[in-house]
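Visitor: So the protein sequences, as listed, match chains A and B.
Residue 937 in this note's numbering sits at position 247 of the first sequence, with consecutive numbering throughout.
Residue 197 in this note's numbering sits at position 167 of the second sequence, with consecutive numbering throughout.
The beta-carbon is built from N, C-alpha and C at its ideal position, and this holds for glycine as well.
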Amino acid sequence: MTAAIPVIRQTAALAWRSIVTTIRLPQAWFPALFFPLVLMAIFTASFGGAPGTIPGFPPMRSFLDFAVSGAIIQGVLIGGTSAGAAFATDIEGGFFDRLVASPTSRTSILTGRLGASIALGVGQALLFIAIAAIFGARVDGGLIGIIVVVVIATLFAAAVGGLGIFLALRTGSGEAVQGMFPLFFALLFFSSAFFPLDTMVGWYHDVAALNPITYLVESMRREIIGGATIWTALTGIGIALGLALITVGASALALRRRLRVSA
Amino acid sequence: MKGLAVSLGLAGRNLLLVRRVPSVFIPSLIMPLFILIATSGAFHGIGALPEFAGASYLAFTIPMAATMGAGFAGINSGMTVARDLEGGFFDRLQSSPAPRVALIMGPMFAALVRSIFTTTIVFIAGLIGGVWLPGLLPLLLIYGFALLFGACASCWAIGVALRARTVQAAPIMQLVVFLSVFMSVAYVPASALHGWLGNVAGLNPVTYILTASRSAELTGSIIWSETWPGLVAGFALLILLGIFALAPLRHLENR
Numbered sequence: 691m692t693a694a695i696p697v698i699r700q701t702a703a704l705a706w707r708s709i710v711t712t713i714r715l716p717q718a719w720f721p722a723l724f725f726p727l728v729l730m731a732i733f734t735a736s737f738g739g740a741p742g743t744i745p746g747f748p749p750m751r752s753f754l755d756f757a758v759s760g761a762i763i764q765g766v767l768i769g770g771t772s773a774g775a776a777f778a779t780d781i782e783g784g785f786f787d788r789l790v791a792s793p794t795s796r797t798s799i800l801t802g803r804l805g806a807s808i809a810l811g812v813g814q815a816l817l818f819i820a821i822a823a824i825f826g827a828r829v830d831g832g833l834i835g836i837i838v839v840v841v842i843a844t845l846f847a848a849a850v851g852g853l854g855i856f857l858a859l860r861t862g863s864g865e866a867v868q869g870m871f872p873l874f875f876a877l878l879f880f881s882s883a884f885f886p887l888d889t890m891v892g893w894y895h896d897v898a899a900l901n902p903i904t905y906l907v908e909s910m911r912r913e914i915i916g917g918a919t920i921w922t923a924l925t926g927i928g929i930a931l932g933l934a935l936i937t938v939g940a941s942a943l944a945l946r947r948r949l950r951v952s953a
Numbered sequence: 031m032k033g034l035a036v037s038l039g040l041a042g043r044n045l046l047l048v049r050r051v052p053s054v055f056i057p058s059l060i061m062p063l064f065i066l067i068a069t070s071g072a073f074h075g076i077g078a079l080p081e082f083a084g085a086s087y088l089a090f091t092i093p094m095a096a097t098m099g100a101g102f103a104g105i106n107s108g109m110t111v112a113r114d115l116e117g118g119f120f121d122r123l124q125s126s127p128a129p130r131v132a133l134i135m136g137p138m139f140a141a142l143v144r145s146i147f148t149t150t151i152v153f154i155a156g157l158i159g160g161v162w163l164p165g166l167l168p169l170l171l172i173y174g175f176a177l178l179f180g181a182c183a184s185c186w187a188i189g190v191a192l193r194a195r196t197v198q199a200a201p202i203m204q205l206v207v208f209l210s211v212f213m214s215v216a217y218v219p220a221s222a223l224h225g226w227l228g229n230v231a232g233l234n235p236v237t238y239i240l241t242a243s244r245s246a247e248l249t250g251s252i253i254w255s256e257t258w259p260g261l262v263a264g265f266a267l268l269i270l271l272g273i274f275a276l277a278p279l280r281h282l283e284n285r
């Protein structure tokens, strides 16, 4: 127990450093807030007439309710990419080597950065729900619904953060990590993040149906628009947890490999 | 005449960079294709709204993807100018007897050539998706509107590059071009827009460019009442952004 305390302290200190660095660099946080909110506003104004009108799109209070979960996932994806790029910058700039040379716990190097990604993901989810609420959106599931949405966003932030750290450790290049952004963006579009799966056709529908992001978004969306059950919530939480375990595990292995190579 | 020769020489140099620095330019070639596939695939269902009058949503999206592709080409011309400013090539050009306007026209010509290429890619993708070409004159009109928007985006991006003198200004170039397209009739016709976007799109010149281009694509003919507002809006925007791009050249000479 006493051995764990320094790790927790170091994790908190490194997470805090990452959060402060992110806040100080507008290019690190601005896209993760601006683009999802602007797209949410544009899609709401463009597709407002769709719910209950077109086949496959059930009636609901408003398209804004439908759009919130996609915006949260998009924000977490962009934020996670920036966090991964920032970690790669730490590697490029030598901060990572100084950390390794110090008596800092190896675990906290990983958990510190992950902690920052998770904190930013939680902040984004709450902020997006609050902003959408100002413009009339409501979470049908109430407080429990908000908790489920935030838990899924948290786990997904850990998954994206883990992937960002993995890429940063393997490439050591911020540009290479940022270069993955178009792929993430494609993953988002080839899912039901912005429009219902039942309105899609052909191969596009099949790809979206295989995309795990579809199920994360749908799980969050059920909490917001209504129709959530314990199973829809557990599906989203389970998929986000699975993705987080895979990417965090991969980043731990990448860290071990990098330490072994540099030793 | 000399200005034209210098412009064409600079355009050729810009186009060579496509081959030499592919990591910078390949995304701008792929993005219009991605926009076409992702938009028409994800929002396929919206085509069932009565405002679409039964039109194919893929056909509806083609002019937007072509316009966006030209916009990306325009952004890249600004990024090239910014790189040349950072690397000192622009200073050498300024100290040469080359006409100043050629420093802008060269990268813009290169953007127009790339716009023709990206628009062709979009049409080929449309053909693969089952949307036949709309006929020669409407096709040329769609190319024309894409080039017009590409020229506008190029002037904007070059104007930003000449003021910022760094490629780090690229997000500003991109953001404005993205928003100008997205805050128009990019996804649905004007009659289907709700609330604030209806008002913003009404004031956005890109709305009229897209409406004219889309009319040619969907009807297979040139409907003058929908074409002239696009021409007026596009050329007015080009004149304004041309002034925006040219203005800093005189200032640069004094640095």
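Out of G862/A, M870/A and G852/A, state which residue places its alpha-carbon closest to the alpha-carbon of L949/A.
Guide: Mapped onto the first sequence, residue 949/A falls at position 259. Checked all of G862/A, M870/A and G852/A; the closest Cα to L949/A is G862/A.
Visitor: Hey, would you say F753/A sits closer than 9 Å to P745/A, going by beta carbons?
Guide: What you label residue 753/A is simply residue 63 of the first sequence in a count that begins at 1. What you label residue 745/A is simply residue 55 of the first sequence in a count that begins at 1. Against a cut-off of 9 Å, the Cβ pair of P745/A and F753/A comes out as no contact.
Visitor: Against chain B, with Cβ distances strictly below 9 Å, would D755/A count as a contact?
Guide: Position 65 of the first sequence, counted from the start, is the residue given in the question as residue 755/A. D755/A does not count as touching chain B.
Visitor: Could you check how far apart the C-beta atoms of S882/A and V218/B are, in whole angstroms? I think they sit under 8 Å.
Guide: The count along the first sequence starts at 1 and reaches residue 882/A at position 192. The count along the second sequence starts at 1 and reaches residue 218/B at position 188. Their Cβ separation, rounded to whole angstroms, is 19 Å, which puts S882/A and V218/B out of contact at 8 Å.
Visitor: For A866/A, collect the residues of the same chain with a Cβ closer than 8 Å to its Cβ; drop the 5 residues on either side in sequence, then sort them by chain order.
Guide: Translated into positions along the first sequence, residue 866/A becomes position 176. Contacts found: A778 and L857.
Visitor: When the distance is taken between beta carbons, is F179/B closer than 9 Å to G101/B?
Guide: Counted from its first residue, the second sequence places residue 101/B at position 71. Counted from its first residue, the second sequence places residue 179/B at position 149. Contact flag set, yes.
Visitor: Could you list which residues in chain B have their beta carbon closer than 7 Å to that of F879/A, in chain order?
Guide: By one-based count along the first sequence, residue 879/A stands at place 189. Chain B residues near F879/A: A68 and A72.
Visitor: S736/A touches chain B at which residues, Cβ-Cβ below 7 Å?
Guide: As a working note, residue 736/A is residue 46 in the first sequence. Y217, V218, L223 and L227, listed in chain order.
Visitor: Is the shortest distance between the beta-carbon of A722/A and the beta-carbons of chain B less than 9 Å?
Guide: Your numbering for residue 722/A matches position 32 in the first sequence. So no, A722/A is outside the interface.
Visitor: So with CB distances below 7 Å, who are the chain A contacts of P235/B?
Guide: Working through the second sequence from its first residue, we reach residue 235/B at position 205. Here the premise fails: no neighbours, minimum Cβ distance about 17 Å.
Visitor: Mind reading off the beta-carbon distance from L715/A to L945/A? Whole number of angstroms is fine, and I expect it under 8 Å.
Guide: Against the first sequence, residue 715/A aligns to sequence position 25. Against the first sequence, residue 945/A aligns to sequence position 255. Contact doesn't hold; Cβ gap of about 24 Å is too wide.
Visitor: Can you say whether I768/A is buried or exposed, counting buried as having 16 or more other CB atoms within 10 angstroms of its CB?
Guide: Counting from one through the first sequence, the residue named residue 768/A turns up at place 78. Result: buried.
Visitor: In the DSSP assignment, find the unbroken alpha helix (DSSP H) run with T794/A in it and report its ends.
Guide: On the first sequence, position 104 is the one that residue 794/A refers to. Neither: T794/A is in no alpha helix (DSSP H) and is coded neither H nor E.
Visitor: How many whole angstroms separate the CB atoms of F874/A and F73/B, which I take to be in contact at a CB cut-off of 8 Å?
Guide: As a first step, residue 874/A must be located in the first sequence, where it is residue number 184. As a first step, residue 73/B must be located in the second sequence, where it is residue number 43. Between F73/B and F874/A the Cβ distance is about 19 Å, and since that is not below 8 Å, they are no contact.
Visitor: Could you check if V262/B is buried or exposed, using at least 16 other CB atoms within 10 Å of its CB as the buried criterion?
Guide: In the second sequence, residue 262/B corresponds to position 232, counting from 1. The residue is exposed, with fewer than 16 neighbouring Cβ atoms inside 10 Å.
Visitor: Give me the Cβ distance between I146/B and A96/B, rounded to the nearest whole Å; I'm assuming they're in contact under 8 Å.
Guide: Taking the first residue of the second sequence as 1, we reach residue 146/B at position 116. Taking the first residue of the second sequence as 1, we reach residue 96/B at position 66. I146/B to A96/B, Cβ: 10 Å. No contact.
Visitor: How about A876/A and F64/B: are their beta carbons less than 9 Å apart?
Guide: Position 186 of the first sequence, counted from the start, is the residue given in the question as residue 876/A. Position 34 of the second sequence, counted from the start, is the residue given in the question as residue 64/B. Yes; because the gap between Cβ atoms is below 9 Å, this pair is in contact.
Visitor: Run through chain A and tell me which residues come within less than 9 Å of F64/B, C-beta to C-beta.
Guide: For this step, residue 64/B is matched to residue 34 along the second sequence. Here the neighbours are P872, F875, A876 and F879.
Visitor: Given this structure, state the Cα-to-Cα distance separating F82/B from F90/B, to the nearest angstrom.
Guide: Your numbering for residue 82/B matches position 52 in the second sequence. Your numbering for residue 90/B matches position 60 in the second sequence. Approximately 9 Å, taken between the alpha carbons.
Visitor: If the cut is a Cβ gap below 9 Å, which residues of chain D does G75/B touch?
Guide: The chain inventory of the structure shown lacks chain D, comprising the protein chains A and B.
Visitor: Would you mind reading off the limits of the alpha helix (DSSP H) that contains A849/A?
Guide: Indexing the first sequence from 1 puts residue 849/A at position 159. Its alpha helix (DSSP H) spans residues G832 to T861.
Visitor: Around the Cβ of N901/A, are there at least 16 other Cβ atoms within 10 angstroms (buried) or fewer (exposed)?
Guide: Position 211 of the first sequence, counted from the start, is the residue given in the question as residue 901/A. Buried, by the Cβ-count rule.
Visitor: Let me know the secondary structure DSSP gives A747/A once reduced to three states.
Guide: Residue numbering aside, residue 747/A sits at position 57 when the first sequence is read from its first letter. Before going on, a small fix: residue 747/A reads as Phe here, not Ala. Coil, per DSSP.
Visitor: I'd like to know if L789/A contacts chain B, where contact means its C-beta is closer than 9 Å to some C-beta of that chain.
Guide: Within the first sequence, residue 789/A is the residue found at index 99, counting from 1. Answer no: the Cβ-Cβ gap between L789/A and chain B never drops below 9 Å.
Visitor: Okay, do the region 147-166 of chain B and the region 225-235 of chain B touch, 3+ Cβ pairs below 8 Å being the bar?
Guide: No, the region 147-166 of chain B does not touch the region 225-235 of chain B.
Visitor: Quick check on the burial criterion: 16 or more other C-beta atoms within 10 angstroms. Buried or exposed for R244/B?
Guide: Within the second sequence, the letter at position 214 stands for residue 244/B. By the neighbour-count rule (16 or more Cβ atoms within 10 Å), R244/B is buried.
Visitor: Are the C-beta of L729/A and some C-beta of chain B separated by less than 9 Å?
Guide: To locate residue 729/A, count along the first sequence from 1; it is residue 39. At least one chain B Cβ lies under 9 Å of L729/A.
Visitor: Check distances from the C-beta atoms of the region 74-108 of chain B to those of chain A and list, in chain order, the residues that come in under 7 Å.
Guide: From the region 74-108 of chain B, only H74, G75, I76, A78 and L79 have a Cβ closer than 7 Å to chain A.
Visitor: Does any CB atom of chain B fall closer than 9 Å to the CB of A776/A?
Guide: Residue 776/A sits at position 86 when you count from the first residue of the first sequence. No, because no Cβ of chain B sits closer than 9 Å to the Cβ of A776/A.
Visitor: Between G764/A and chain B, is any beta-carbon pair separated by less than 9 Å?
Guide: The residue labelled residue 764/A in the question sits at position 74 within the first sequence. According to the sequence provided, residue 764/A is Gln. The question's Gly does not apply to it. Judged by the 9 Å Cβ criterion, Q764/A is not in contact with chain B.
Visitor: Does the region 103-117 of chain B come into contact with the region 895-911 of chain A, if we say contact requires no fewer than three beta-carbon pairs (one atom in each stretch) closer than 8 Å?
Guide: No contact exists between the region 103-117 of chain B and the region 895-911 of chain A.
Visitor: How would you label S251/B, buried or exposed, when you count the other beta carbons within 10 angstroms and need 16 or more for buried?
Guide: Here the question's residue 251/B lines up with position 221 in the second sequence. When all chains shown are included, S251/B counts as exposed.
Visitor: Less than 8 Å between the CB atoms is what I'm expecting for L887/A and H895/A, so what's the real figure, rounded?
Guide: The residue given as residue 887/A occupies position 197 in the first sequence. The residue given as residue 895/A occupies position 205 in the first sequence. L887/A to H895/A, Cβ: 7 Å. Contact.
Visitor: Classify P62/B as buried or exposed, calling it buried when 16 or more other Cβ atoms lie within 10 Å of its own Cβ.
Guide: Locating residue 62/B in the second sequence gives position 32, counting from the first residue. Classification for P62/B: buried.
Visitor: Where G784/A and A776/A are concerned, what is the direct C-alpha to C-alpha distance, given to the nearest angstrom?
Guide: Reading the first sequence from its first residue, position 94 is the one you call residue 784/A. Reading the first sequence from its first residue, position 86 is the one you call residue 776/A. Each residue's Cα considered, the two are about 12 Å apart.
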